Amino acid sequence: MARTKIVAGNWKMYTLPAEAQALAGAVASFTGGSLSPEVVVCPPFTSLVAAIAAVKSSAVKVGGQNMYWEDEGAFTGEVSGKMLLTLGCSHVILGHSERRQYFFETDFSVNSKLKKALSLGMTPIVCVGETLDQREANQTEQVVRTQIEGCYDGLTAEQAERTVVAYEPVWAIGTGKTASPAQAEEVHSFIRGLLRKKFGNTAEGIRILYGGSVKPDNARELFSQLNIDGGLVGGASLKAESFNKIIEAAR
Ligand code: PGA
């Protein structure tokens, strides 16, 4: 099954609105109306409005980096999926390893957010991946299996097909250490196998992105692997020049 590649930029806690506008604008000029790969930028909440305005006449989509699963309520400090959607976000990153590590996000909370995002018609990008200790203890498959099972619990195949997985080995995030294309492909293929067990043939249509030090010079080889359907890019998404090269590598 042909899967349209996705290149998503995770801007983390970087960019003020004016910077977001310039960066998103430069990505939008480069992308134009092209739908392949799908291009998504995920600015911090306070820069969403500026980024959304900047990509308006292009095919670039905008996503949040997190959301809460209730539409509204007494949840100080939280932003709901409905709020993101209403602003113009089509995507949302869920369960990023930094959220798991610093903000105690669990597979259970990711699962609740995932179900809410899907009910709103948004595209969730669900992050999984092992730490260095876990990889060295040969626990990669076990860790990823637990995360996929927890995050995807109770979903139908039709719902699962509307999600995107991002495999991000924690040891490769922001470290300059990329998983080799073969190392990444091994886990991507394992993840697709897990999804096949849960959702049957629908798994062939689910995009699985690689994340962790994706750069212009390693993107093409990573994206050419059978089960790597694009990338979730952190550091290299903060400069239009490098992000646009990564988009080019996915074409
Ligand atoms: P990185 O981050 O590309 O800077 O390694 C990826 C991510 O955290 O999504």
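Converting from the sequence shown to my numbering requires adding 2 to each position, the first position being numbered 1. Every residue, glycine too, gets a C-beta built ideally from N, C-alpha and C. The structure presented is a predicted model; accordingly, all values stated were derived computationally and were not measured.
Please report the distance separating the alpha-carbon of residue i from that of residue j.
| i | j | result |
| --- | --- | --- |
| residue 93 | residue 83 | 10 Å |
| residue 128 | residue 116 | 8 Å |
| residue 157 | residue 207 | 15 Å |
| residue 214 | residue 120 | 26 Å |
| residue 153 | residue 107 | 11 Å |
| residue 209 | residue 150 | 14 Å |
| residue 12 | residue 202 | 30 Å |
| residue 18 | residue 32 | 21 Å |
| residue 175 | residue 236 | 8 Å |
| residue 205 | residue 168 | 14 Å |
| residue 20 | residue 186 | 36 Å |
| residue 190 | residue 6 | 16 Å |
| residue 238 | residue 253 | 17 Å |
| residue 86 | residue 164 | 18 Å |
| residue 243 | residue 42 | 16 Å |
| residue 211 | residue 124 | 17 Å |
| residue 246 | residue 23 | 16 Å |
| residue 194 | residue 14 | 27 Å |
Helix, strand or coil for residue i per DSSP?
| i | result |
| --- | --- |
| residue 168 | strand |
| residue 63 | strand |
| residue 98 | coil |
| residue 127 | strand |
| residue 181 | coil |
| residue 175 | coil |
| residue 68 | coil |
| residue 193 | helix |
| residue 243 | helix |
| residue 230 | coil |
| residue 220 | helix |
Would you say residue i touches the ligand PGA, meaning its beta carbon is less than 7 Å from a heavy atom?
| i | result |
| --- | --- |
| residue 152 | no |
| residue 234 | yes |
| residue 215 | yes |
| residue 174 | yes |
| residue 93 | no |
request  = Decide yes or no for the touch test of the segment 221–232 against the segment 181–190: beta carbon pairs closer than 8 Å, at least 3 of them.
outcome  = yes
Validate contact between the segment 100–115 and the segment 135–146 using beta carbons, cut 8 Å, 3 pairs = no
message = Under 8 Å, with one C-beta from each stretch per pair, do the segment 70–80 and the segment 48–57 reach the 3-pair mark?
response = no
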